[in-house]
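Q: One structure follows; several queries about it will come next.
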Amino acid sequence: MSSQAYSYDIPDHPIKYVQVDPRSIKFDPRAQRNLNKARAQAIAEKLVPTALGTPILSQREDGQYAVDGMHRVYACQLILTGKVEVSDKVRDAIQTIACEVHFDLSTANEASLFIIKNKESSKVGPNDEFRIGVLAGHPLFQDTNTVLEKHQLKVGSSTANSVRGIKGILSIVMEHGPEILDLSLTIAEDAWGRTPDTWHSVTIGGIATVMSRHPELKPAELAQKLKRQGDPTAFKAKIQTIATNNNTRADGTKGRLKAAHLAVAAAWNANRRTNRIPVPNIFE
């Protein structure tokens, strides 16, 4: 699948700005984070109507659903249903609230809209973004999750059955496709077994880059070559040392991925006179 199919693009669609009764707004956790009722109550207790902003809704056949601003909407519902006491002035001000209503969106489109609206502000963590994308049926997240489930891997903790750095794992699928992620996870497990560092996204990214650029390589042979480099924790440390040039320079995600590419390529070339592959110059 091409990277274009994994974009967050949303088709052109009608948008209206209207006054809406907050009590009529519905919620669907597939398209956004889970509702934190304690947080919503705290918002309700200190609600300033003029600072409410403009919640974003999606018009579906069975009503309007919150896409962004769920906690502010629920705070208004708590007030209007008498579950939180506020002044009459505040209650009167939120009988209807200004909303941005989007029409003709699929659930996956709603998830994309939520992620786009929250991405720059860092309101949504990568694990929540992944969960939302999977539940909403976004192709990038669904394809990634299918591969992770095949390998009996989860997202969100540092265990032998959990991937570390889901943003990096998603980047692999976007750049190389789900098949390369599948192959890279298989190679890593064949090399090191199931440990927390086996699934580190930077290490997997290095394997993915090599296999994507050199599909002629034999996966089982690469796994054996990686195994000879030491355990996955030591290999991850080697990548960090390469990325920082022995701690003489700062590194970033791109630098670590280049270093991982170099480390995996060097492992393949070790003690080999033929069928060598190019080793990148990561500081060019």
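Letter by letter, the sequence shown follows residues 12 to 295 of this note's numbering.
Quick reminder that beta carbons are idealized off the backbone N, C-alpha and C, glycines included.
Only a predicted model underlies this, so the values are computations on that prediction, with no experimental measurement involved.
Kindly identify the DSSP beta-bridge partner or partners of R175.
A: H211.
Q: Give the C-beta separation of T206 and I250 to the nearest angstrom, bearing in mind that I take them to be a contact with Cβ-Cβ under 8 Å.
A: At roughly 16 Å, the Cβ-Cβ gap does not stay under 8 Å, so T206 and I250 are not in contact.
Q: In this structure, does DSSP put V290 in helix, strand or coil?
A: Coil.
Q: Would the beta-carbon of A86 fall within 8 Å of that of I36?
A: In this structure, I36 does not lie closer than 8 Å to A86 by Cβ.
Q: Taking the Cβ atom as the reference point for each residue, do A277 and V290 lie within a distance shorter than 8 Å?
A: Yes, Cβ-Cβ distance for A277 and V290 is below 8 Å.
Q: What is the DSSP secondary structure of S35, reduced to helix, strand or coil?
A: DSSP places S35 in helix when its eight states are reduced to three.
Q: So which of C110, P226, Q153 has the shortest CA-CA distance to P189?
A: It is Q153.
Q: Quick check: what's the CA-CA separation for M81 versus R44?
A: Taking the straight line from one Cα to the other gives about 9 Å.
Q: Whole-angstrom Cβ separation of H113 and I67, contact assumed at under 8 Å?
A: Contact holds; Cβ gap of about 7 Å.
Q: Might you give, ordered along the chain, the residues of its own chain that have their beta carbon closer than 7 Å to the beta carbon of A147, omitting 5 neighbours on each side?
A: Closer than 7 Å at Cβ, skipping near neighbours: R41, A42, T118, A119, E121, A122.
Q: Expressed to the nearest angstrom, what Euclidean distance is found between the alpha-carbon atoms of I90 and A254?
A: Near 53 Å, if we compare the C-alpha coordinates of A254 and I90.
Q: Whose C-alpha, out of I54, A202, L233, K265, is nearest the C-alpha of R283?
A: Selected option, being the one with the closest Cα: L233.
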